[in-house]
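In the numbering used here, the protein residues as written are 486 to 764.
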């Protein structure tokens with residue numbers, strides 16, 4: 486980055502796409518006051534909630550960003566993977582050489598971005614998950630060799646606005662990461678569904694069963710978060726009295742390793758699909 490160290494404490498960002506995830510990022514940045522100017526490229530227009538923000542301005546095309554391109558420290562790509570091929574070539578023509586590219590798009594590899602922007606470009610690839618929409622996400626990120634320590638620190642701060650951040654050195658790990666934490670919320674939502682359905686079959690009212698299942702998931706997650714150093718296995722054992730109702734249920738779930746096998750197969754399928762989508 487060519488800008489001064491003081492300015493780099495609050496980088497100027499071009500946010501490409503302001504849908505659910507893009508809006509979550511922008512909301513987090515503004516709340517934490519960690520960015521300077523934010524230039525939002527969103528053909529549908531800048532969302533109403535950001536219209537009155539003094540340091541946020543909207544643009545409807547990459548060409549329109551040209552007038553502010555020299556001020557951009559980081560370009561954050563928050564568009565669907567299928568849109569990437571449309572916007573990246575246009576962005577390349579206006580971006581300064583020292584602008585960092587930070588992607589939150591699934592299935593888009595560093596090599597793919599280097600094809601768009603060149604192998605000398607500093608690129609960060611990341612995989613968030615949907616709880617990021619409320620600042621409770623977990624994002625896993627990886628860089629290419631061109632990203633400096635300072636640039637990585639800035640990328641980390643931008644991603645921290647939507648939750649926790651983990652860094653890996655091997656990009657291939659993002660495939661199982663996508664399967665576990667990227668797709669993971671869907672598995673847990675499905676678990677709420679099946680728990681509620683089982684409760685209904687056991688005689689509970691449908692809405693009542695859903696309220697119980699949903700709050701049980703929420704409360705259990707909060708309990709795990711409140712004591713992160715305690716292994717999940719210990720938390721489970723704390724609920725399980727020998728010979729009790731929980732033990733009876735767990736005996737069914739662990740019989741023939743059925744639940745573990747189901748998740749093994751599910752993550753293997755999701756990992757394989759992530760690899761396919763990255764090609």
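Glycine residues also receive a C-beta, built at the ideal position from the N, C-alpha and C atoms.
Model, not experiment: these values are computed from the prediction.
Residue range of the unbroken beta strand (DSSP E) whose run includes residue 635: Residue 635 -> not in any beta strand (DSSP E); alpha helix (DSSP H) instead, spanning 634–645.
Going by beta-carbon coordinates alone, are residue 523 and residue 534 separated by less than 9 Å? Cβ atoms of residue 523 and residue 534: not closer than 9 Å.
Best match in 622, 639, 512, 619 for proximity to residue 628 [C-alpha to C-alpha]: The residue among 622, 639, 512, 619 with its C-alpha nearest the C-alpha of residue 628 is 639.
Can you tell me which residues form a DSSP beta bridge with residue 612? In the DSSP output, where bridge partners are listed per residue, residue 612 has 625.
So, helix, strand or coil for residue 542, using DSSP? If DSSP states are grouped into helix, strand and coil, residue 542 belongs with the strands.
Can you give me the C-alpha to C-alpha distance between residue 582 and residue 560, rounded to a whole angstrom? If you take the alpha carbons of residue 582 and residue 560, they lie about 12 Å apart.
Does the distance from the C-beta atom of residue 557 to that of residue 497 stay below 9 Å? Yes; because the gap between Cβ atoms is below 9 Å, this pair is in contact.
Using a 10 Å radius around the Cβ and a threshold of 16 neighbouring Cβ atoms, would you call residue 569 buried or exposed? It counts as buried.
Looking only at C-alpha atoms, which of 728, 602, 756 sits nearest to residue 669? It is 756.
Taking only three categories from DSSP, how would you classify residue 501? Strand at residue 501.
Anticipated Cβ contact below 8 Å, residue 608 with residue 586, distance rounded: Going by Cβ atoms, the distance from residue 608 to residue 586 rounds to 5 Å, so yes, they are a contact pair.
Among the residues of its own chain, which have a CB less than 7 Å from the CB of residue 489, if the five just before and after it don't count? For residue 489, the predicted structure reports a pLDDT of 39, less than 50, and the residue's modelled location is therefore unreliable. The matter cannot be settled from this model.
Taking its Cβ as the centre, do 16 or more other Cβ atoms sit within 10 Å of residue 649, making it buried, or is it exposed? Its Cβ having fewer than 16 others within 10 Å, residue 649 is exposed.
Can you list, in chain order, the residues of its chain whose CB lies under 8 Å from that of residue 739, leaving out five sequence neighbours each side? The residues are 745.
Going by DSSP in three states, residue 745 sits in which element: helix, strand or coil? In the three-state reduction of the DSSP assignment, residue 745 falls in the helix class, which pools H, G and I.
Taking all protein chains shown into account, decide if residue 555 is buried (16 or more other Cβ within 10 angstroms of its Cβ) or exposed. Per the 10 Å Cβ criterion, exposed.
Should residue 606 go down as buried or exposed, given a rule of 16 or more other Cβ atoms within 10 Å for buried? Buried, since its Cβ has 16 or more Cβ neighbours within 10 Å.
Can you give the beta carbon distance from residue 546 to residue 525, rounded, assuming they're within the 8 Å contact cut? In fact, because the Cβ distance is near 12 Å, the residues do not count as touching under 8 Å.
Sequence ranges, alpha helix (DSSP H) only - wholly within the segment 673–751, length at least 4: With a minimum length of 4 residues, the unbroken runs of alpha helix (DSSP H) contained wholly in the segment 673–751 fall at 691–711, 717–724, 730–739.
What three-state label does DSSP hand residue 599 in the structure shown? For residue 599, the three-state secondary structure derived from DSSP is helix.
Do residue 751 and residue 664 have their C-beta atoms closer together than 9 Å? A contact, by the Cβ cut-off of 9 Å.
Test item: CB-CB of residue 513 and residue 620 under 9 Å: Yes, Cβ-Cβ distance for residue 513 and residue 620 is below 9 Å.
Taking the alpha carbon of residue 617 as the reference point, which residue from 677, 580, 594, 666 has its own alpha carbon closest? Checking every option, the nearest Cα to that of residue 617 belongs to 666.
Rounded C-alpha distance that separates residue 754 from residue 510: Across the structure, residue 754 and residue 510 are spaced so that their CA atoms are roughly 29 Å apart.
Taking the alpha carbon of residue 603 as the reference point, which residue from 658, 631, 623 has its own alpha carbon closest? Among 658, 631, 623, the Cα nearest to that of residue 603 belongs to 631.
Spatial neighbours of residue 708 within its chain, please: C-beta separation below 8 Å, excluding the five flanking residues on both sides. Closer than 8 Å at Cβ, skipping near neighbours: 720.
Write down every uninterrupted run of the alpha helix (DSSP H) in the segment 550–585 whose length is 4 residues or greater and which is fully enclosed by it, in chain order. Complete alpha helix (DSSP H) runs here, min 4: 566–577.
DSSP three-state label for residue 662, please. When DSSP states are grouped into helix, strand and coil, residue 662 belongs to the helix group.
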